[in-house]
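Enquirer:
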Amino acid sequence: MNMKNRIAQHIAVLPKSGIRDFFELVNTMGNDVISLGIGEPDFVTPWHIRESAIFAMEKGHTSYTSNLGLLSMRKEVCKYVEKNYKVRYNPVNECIITVGVSEALDLIFRAITTPGDEIIYHEPCYVSYSPEIKMAHGVPVAVVTKEKNKFALDPKDFEKAVTPKTKAILLNFPCNPTGASLTPEDVREIARIAIKHDLIVITDEIYSELTYDAKHVSIASMPGMKQRTIFLHGFSKAYAMTGFRMGYACGPADLIDAMMKIHQYSMLCASILAQEAAIEALRNGRPEMERMKTEYCRRRNMIVKRLNQIGLKCVMPKGAFYVFPNISSSGLSSKEFATRLLQEEKVAVVPGTAFGECGEGYVRCAYATSFEDIEEAMRRIEKFMKKIK
Amino acid sequence: MKKDIIRILRENARLSDKAIAARLGKKEKLVSDTIKSLEKDGTIKGYQAIIDESVLPELAVKAIIQVKVRPEREGGFDKIAKRLCKFPEVSSLSLMSGGYDLGLEVDGKTLQEVATFVSSKLAPIDGIISTETHFLLKKYKVSGKTMENDETFERLKVSP
Ligand SMILES: Cc1ncc(COP(=O)(O)O)c(C=O)c1O
């Protein structure tokens with residue numbers, strides 16, 4: 000039986016993530032590869048958080064939870080969001096606990112997309128956005144963010160992309176892979192445009208705690224925005240909890256209710272063990288998180304300085320743990336650069352094209368790796384650049 | 000910045016001034032001057048490796064000794080504590096709250112050597128009311144480092 004032609008058409012045409020190809024290549028190399036390709040913290044989850052998951056098991060908390068997630072967790076989430084993002088949500092009907100931000104993204108796209116609806120997002124961006132929108136039968140509309148604008152979304156470019164079919168705009172600041180953030184003025188202007196065209200705003204703020212110089216501003220906190228914004232957040236990055244698969248969405252009750260319907264039938268609920276660990280992170284995780292953030296900030300300052308010295312121009316990222324240097328001075332394409340750097344100097348970086356076509360001419364370097372390894376990687380990249388010139 | 004340097008050195012005292020400067024984004028000269036002044040004013044007392052002490056015969060046997068003392072009218076516990084510090088056998092000494100006054104850690108080659116130190120050097124000192132010796136059987140964690148090597152766990156080499 001030929002299964003190939005039985006795959007759903009909209010799935011068959013989806014490309015595999017460019018990261019996946021590169022991952023296979025890196026895995027064929029030896030162990031002395033220094034990887035700047037890893038999009039997750041190099042820290043293990045702080046012990047007090049791991050310990051509370053163990054304790055939950057010991058207590059026999061191994062059941063399902065309410066579809067929306069433990070009410071005690073939703074209360075902590077809403078408290079945390081109000082304190083740090085200045086938006087107040089009702090834990091009873093304006094908050095849902097999900098299996099990572101990944102699931103929250105899937106839920107909101109499926110909840111709002113009628114086939115043919117357009118969803119605007121900015122590129123270069125996280126690899127899942129466009130495929131997820133397509134899987135929900137939506138039409139992804141990419142707006143390019145530019146290096147000369149420090150990879151922030153230009154509100155004018157956003158407005159140009161709006162059509163009568165536009166349903167929503169998806170924002171991700173601080174941004175994976177560019178580390179870009181928005182100024183409060185940009186946030187205000189984007190909010191104004193969203194209101195003018197009556198759009199839903201989906202904001203993936205998974206990196207928001209990792210904002211280094213200025214203070215992070217959530218678009219959900221702008222006047223008139225709470226009722227049209229779905230705020231997505233999780234524990235993977237700031238609390239080094241990727242393996243727990245914990246995220247959440249806060250937003251208008253009707254949207255949460257629609258997301259809950261899908262979640263109820265497809266996921267039932269998120270793991271109770273992970274939820275209990277997440278409660279501990281929300282209550283007592285800040286000091287450890289600040290320590291990790293200080294370390295990321297030091298690495299960022301060093302890697303940006305070194306890359307610029309080497310001749311790979313890069314803007315100072317304002318958040319997350321990525322830098323997105325311009326590699327055009329090498330004369331190579333992103334893919335050639337990444338492949339040759341890996342084969343000749345054993346440093347893994349991700350070609351910018353994995354994050355959208357407009358990522359050509361760039362690579363992503365993650366600094367969620369030890370200071371020493373980043374220093375060594377910079378020495379190797381320097382050698383590589385001298386050689387190819 | 001002083002505190003940042005102290006934190007870094009406390010984690011890894013072998014980092015060069017240059018490496019510390021790179022971490023903090025400061026000039027190397029500024030870092031080395033700061034460290035010198037911290038050494039001079041006594042904030043930094045010295046540099047030691049955290050080792051598995053059982054590899055050295057002179058550190059093979061360790062005891063925690065709980066000492067009760069009679070405080071003196073002037074100087075309280077300090078005078079006797081300072082005197083006890085002079086013994087090279089004593090590797091650490093603290094004033095404690097609770098059931099005893101001074102907690103000592105004493106090193107030696109053999110049980111006999113430590114026992115002799117307690118009975119012939121420590122106990123007879125004027126002002127010491129009693130001693131209670133606890134021999135240490137195994138150390139699991141020292142200065143924040145666990146003694147047994149943890150298994151390493153590898154993340155995926157590339158992830159989104
Ligand atoms: C921008 C962005 N959103 C969402 C995710 C997924 O996170 P989670 O682990 O919460 O599913 C990632 C992970 O890399 C990300 O970079």
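In order, the protein sequence lines correspond to chains H and Z.
Counted the way numbering that gives the first Met the number 0 counts, the first sequence spans residues 0 to 388.
Counted the way numbering that gives the first Met the number 0 counts, the second sequence spans residues 0 to 159.
Glycine included, C-beta positions come from ideal geometry on N, C-alpha and C.
The structure presented is a predicted model; accordingly, all values stated were derived computationally and were not measured.
1. Please find out if some non-hydrogen atom of ligand 1 comes closer than 7 Å to the beta-carbon of Ile-192(H).
2. Tell me whether Cys-249(H) is buried or exposed, calling it buried when 16 or more other Cβ atoms sit within 10 Å of its Cβ.
3. Are any of the Cβ atoms in chain H nearer than 8 Å to that of Val-157(Z)?
4. Please go through the stretch 182-265 of chain H and give each complete beta strand (DSSP E) segment of 3 or more residues, from N-terminal end onward.
5. Does the beta-carbon distance from Val-143(H) to Cys-357(H) come in below 8 Å?
6. Suppose you measure from the CA of Gln-160(Z) to the CA of Leu-92(Z); what does that come to, to the nearest Å?
7. Check whether the Cβ of Pro-316(H) lies closer than 7 Å to any heavy atom of ligand 1, and answer yes or no.
8. Could you check if Gln-308(H) is buried or exposed, using at least 16 other CB atoms within 10 Å of its CB as the buried criterion?
9. Determine the direct distance from the alpha carbon of Lys-120(Z) to that of Leu-110(Z), and round the result to whole angstroms.
10. Taking Cβ-Cβ distances shorter than 8 Å, what residues in chain H pair up with Ile-23(Z)?
11. Return the CA-CA distance between Ser-220(H) and Val-98(H), expressed in angstroms with no decimal places.
12. Would you report the Cα separation of Phe-323(H) and Val-349(H), rounded to the nearest angstrom?
13. Report yes if the CB atom of Pro-114(H) is closer than 8 Å to the CB atom of His-136(H), and no otherwise.
14. Going along the chain, which residues of its own chain have a beta-carbon closer than 7 Å to the beta-carbon of Tyr-88(H), five neighbours each way excluded?
15. Just verifying my parser: in three-state terms, what is the DSSP assignment at Asn-325(H)?
16. Just by C-beta distance, which residues in the stretch 335-349 of chain H are closer than 9 Å to chain Z?
17. Measuring from each Cβ to the nearest heavy atom of ligand 2, keep the ones under 6 Å and list them in chain order.
18. Where does Gly-115(H) fall in DSSP's three states?
19. For the stretch 6-30 of chain Z, which residues have a CB atom closer than 9 Å to at least one CB atom of chain H, in sequence order?
20. Exposed or buried, which one is Cys-268(H) when buried takes at least 16 other CB atoms within 10 Å?
21. For Thr-42(Z), which three-state DSSP category applies?
22. With distances taken between CB atoms, is the gap from Glu-27(Z) to Lys-35(Z) smaller than 8 Å?
23. Can you check whether the CB of Val-32(H) is closer than 8 Å to the CB of Lys-345(H)?
24. Per the contact definition of three or more C-beta pairs closer than 8 Å, is the stretch 2-16 of chain Z in contact with the stretch 37-49 of chain Z?
25. Do you know how far the Cα of Ile-168(H) is from the Cα of Tyr-128(H)?
26. Going by DSSP, name the residue or residues bridged to Tyr-120(H).
27. Can you check whether the CB of Gly-126(Z) is closer than 8 Å to the CB of Glu-71(Z)?
28. Between which two residues does the alpha helix (DSSP H) harbouring Cys-84(Z) extend?
29. Is the shortest distance between the beta-carbon of Phe-42(H) and the beta-carbons of chain Z less than 8 Å?
30. Going by DSSP, what residue range makes up the alpha helix (DSSP H) through Phe-134(Z)?
31. Would Phe-108(H) pass as an interface residue toward chain Z - the criterion being a Cβ-Cβ separation below 8 Å?
32. As a quick exercise: from Glu-112(Z), His-133(Z), Thr-151(Z) and Met-146(Z), pick the residue whose alpha carbon is nearest that of Pro-56(Z).
33. Using 8 Å as the cut-off, can you tell me whether the stretch 255-269 of chain H makes contact with the stretch 209-224 of chain H, which would need three or more C-beta pairs spanning the two stretches below that distance?
34. Checking the sheet assignment: what are the DSSP bridge partners for Gln-140(Z)?
35. Any idea which residues DSSP pairs Tyr-361(H) with across the strands?
Expert: Reading it off the structure:
1. Because no heavy atom of ligand 1 lies under 7 Å away, the Cβ of Ile-192(H) does not count as near it: no.
2. Answer is buried; the Cβ neighbour count reaches 16.
3. With 8 Å as the cut-off, Val-157(Z) counts as an interface residue toward chain H.
4. Taken in chain order, the whole beta strand (DSSP E) runs of length 3 or more contained in the stretch 182-265 of chain H are 199-203, 228-233 and 246-249.
5. Yes, Cβ-Cβ distance for Val-143(H) and Cys-357(H) is below 8 Å.
6. With chain Z covering only 0 through 159, there is no way to say anything about residue 160(Z).
7. It does not: the Cβ of Pro-316(H) is nowhere closer than 7 Å to a heavy atom of ligand 1.
8. A residue is called buried when at least 16 other Cβ atoms come within 10 angstroms of its Cβ; Gln-308(H) does not meet this threshold and is exposed.
9. Inter-residue distance for Leu-110(Z) and Lys-120(Z) is about 15 Å (C-alpha atoms, whole angstroms).
10. Before going on, a small fix: residue 23(Z) reads as Leu here, not Ile. The contacting residues are Arg-297.
11. Rounded to the nearest whole angstrom, the CA to CA distance from Ser-220(H) to Val-98(H) is 25 Å.
12. Val-349(H) has its alpha-carbon roughly 10 Å from the corresponding atom of Phe-323(H).
13. Contact flag set, yes.
14. Cβ within range, chain order: Cys-77, Val-80, Cys-94 and Cys-249.
15. In the structure shown, Asn-325(H) falls within a strand segment according to DSSP collapsed to helix, strand and coil.
16. When CB distances to chain Z are screened at a threshold of 9 Å, the residues of the stretch 335-349 of chain H falling below it are Ala-347 and Val-349, in chain order.
17. In the structure on display, ligand 2 does not appear, and the ligands it does have are ligand 1.
18. For Gly-115(H), the three-state secondary structure derived from DSSP is coil.
19. Considering only beta carbons, the part of the stretch 6-30 of chain Z lying closer than 9 Å to chain H consists of Ala-18, Ala-21, Arg-22, Leu-23 and Gly-24, in chain order.
20. With a 10 Å radius around the Cβ and a threshold of 16 neighbouring Cβ atoms, Cys-268(H) comes out buried.
21. It is coil, neither helix nor strand.
22. No, Cβ-Cβ distance for Glu-27(Z) and Lys-35(Z) is not below 8 Å.
23. Their beta carbons are under 8 Å apart, which means Lys-345(H) touches Val-32(H) by this criterion.
24. Touching, yes, given that three or more Cβ pairs across the two stretches are closer than 8 Å.
25. Rounded to whole angstroms, Tyr-128(H) to Ile-168(H) spans 11 Å at the Cα level.
26. Per DSSP, Ala-141(H) and Leu-169(H).
27. A distance below 8 Å separates the beta carbons of Glu-71(Z) and Gly-126(Z).
28. Taken as a continuous stretch (DSSP letters only), the alpha helix (DSSP H) holding Cys-84(Z) covers 77-84.
29. Look at Phe-42(H): its C-beta is not under 8 Å from any C-beta on chain Z.
30. Segment 127-134 is the beta strand (DSSP E) holding Phe-134(Z); no alpha helix (DSSP H) there.
31. No, no contact with chain Z.
32. The shortest C-alpha separation from Pro-56(Z) is found at Glu-112(Z).
33. Here the stretch 255-269 of chain H makes no contact with the stretch 209-224 of chain H; the two share fewer than three CB pairs at distances below 8 Å.
34. Gln is not the amino acid found at residue 140(Z); the sequence shown has Lys there. Answer by DSSP bridge pairing, in chain order: Thr-145(Z).
35. Answer is Asn-325(H).
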